[in-house]
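Protein chains: 2
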Amino acid sequence: MNISEAARRSGLSAKTIRYYEDIDLVAPAARGDNGYRQYDSKAVEELHFLARAREVGFDLLECRQLLGLQRDTSRQSRHARQLVLEKSRQLQTRIEQLVAMQKVLQAMADRCKGDEGPECAILEVLAAAPEGGESA
Amino acid sequence: MNISEAARRSGLSAKTIRYYEDIDLVAPAARGDNGYRQYDSKAVEELHFLARAREVGFDLLECRQLLGLQRDTSRQSRHARQLVLEKSRQLQTRIEQLVAMQKVLQAMADRCKGDEGPECAILEVLAAAPEGGESA
DNA sequence: GCTTGACCTTCCAGTGACAGGAAGGTTTAC
DNA sequence: GTAAACCTTCCTGTCACTGGAAGGTCAAGC
Chain Y
1 MNISEAARRS GLSAKTIRYY EDIDLVAPAA RGDNGYRQYD SKAVEELHFL
51 ARAREVGFDL LECRQLLGLQ RDTSRQSRHA RQLVLEKSRQ LQTRIEQLVA
101 MQKVLQAMAD RCKGDEGPEC AILEVLAAAP EGGESA
Chain B
1001 MNISEAARRS GLSAKTIRYY EDIDLVAPAA RGDNGYRQYD SKAVEELHFL
1051 ARAREVGFDL LECRQLLGLQ RDTSRQSRHA RQLVLEKSRQ LQTRIEQLVA
1101 MQKVLQAMAD RCKGDEGPEC AILEVLAAAP EGGESA
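Given below as structure tokens:
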């Protein structure tokens, strides 16, 4: 099949598939007589594997490692598990950051009247001097 | 004061301050006889305002709008409130995505033995065919 | 006066993971 | 014959910076 069909089946865009080939994340696709890339179901499976890994938050370097494990029949499952647990921790940290940010935003919105006047608690909070006031 | 002191007080890096000047987010700093940028407390306040806005998740375009409101004494606080509420919604969406991703990761880790063997539920999940199985 | 080190300047390149688009070749359908 | 829908490569742009090179300036110590 051509690249657009491989894209449809794998869940990646054709652009992304070419990019992954470019950076040697996947092996170069076979080519037809016309120079078009040709994909078989095995190639599509790898692409789909990558799409899934990206969806749950792995970056391309990690995807490379996961794909290496997937290809390696003598792998050790603890290596995959380590990657997953580390990524989970990273997501947890990021989630906590975003929640904290959102709390600040909510607090600002709650205090702001949001009317036609210029007085605005949001801008006041953003403009507030750093805590630990110096006196000069 | 010079740029490194302004950086220290505002919470931005000197690099970032120059960058903000470069993209016209802040007005060009005054220059001393030696060509060094000079900052007064008013300039530092604006930089600090930007640092705060970035911390709670606004991108530079939004920072530009917020700074515009901050400078405009005839502003309407509802404009600031709209920006905050929209950003809050965006963060909420992002948080939900990350939580969903993390759930998948946790489920994978829970099912994987994580030992010396090759059998690995994580890789199985990532490699699983798209749902809605075709039969060819 | 000289050196050392900490500043400062500008400018260019790189990051991650692609997306958009130009310029051109191929295939398919009518 | 031609239009459209593919495909190819190559270049640029995104976002918000960071790192580094090459070079000018300043303050302190000897």
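Residue numbers (the numbering used here), protein chains in the order written: chain Y, 1 to 136; chain B, 1001 to 1136.
Every residue gets a Cβ at the ideal spot worked out from N, C-alpha and C, and that includes glycine.
query: Just to confirm, are L69/Y and A80/Y a CB contact at a threshold of 9 Å?; result: yes
query: In whole angstroms, give me the CA-to-CA distance for R78/Y and P1118/B.; result: 9 Å
query: Is the CB-CB distance between R111/Y and I122/Y below 9 Å?; result: yes
query: Strictly below 7 Å CB to CB, what residues from chain B border G68/Y?; result: What G68/Y touches in chain B: nothing, since even the nearest Cβ is about 11 Å away.
query: Give every residue of the same chain whose Cβ lies closer than 7 Å to the Cβ of A30/Y, excluding the five residues on either side of it in the sequence, and list them in chain order.; result: Q38
query: Hey, how far is the Cα of S1135/B from the Cα of D40/Y?; result: Residue placement at S1135/B is flagged as unreliable, the pLDDT there being 41, under the threshold of 50; a coordinate-derived value is accordingly withheld.
query: Measure the C-alpha to C-alpha separation of L1098/B and V125/Y and round it to an integer number of angstroms.; result: 28 Å
query: Determine the contact status of M1101/B and V84/Y, defining contact as a CB-CB distance below 9 Å.; result: no
query: Is the shortest distance between the beta-carbon of M1/Y and the beta-carbons of chain B less than 9 Å?; result: no
query: Could you tell me which whole beta strand (DSSP E) segments of length 3 or greater appear in the region 2-64 of chain Y?; result: none
query: Going straight from the alpha carbon of T93/Y to that of V104/Y, what length do you get?; result: 17 Å
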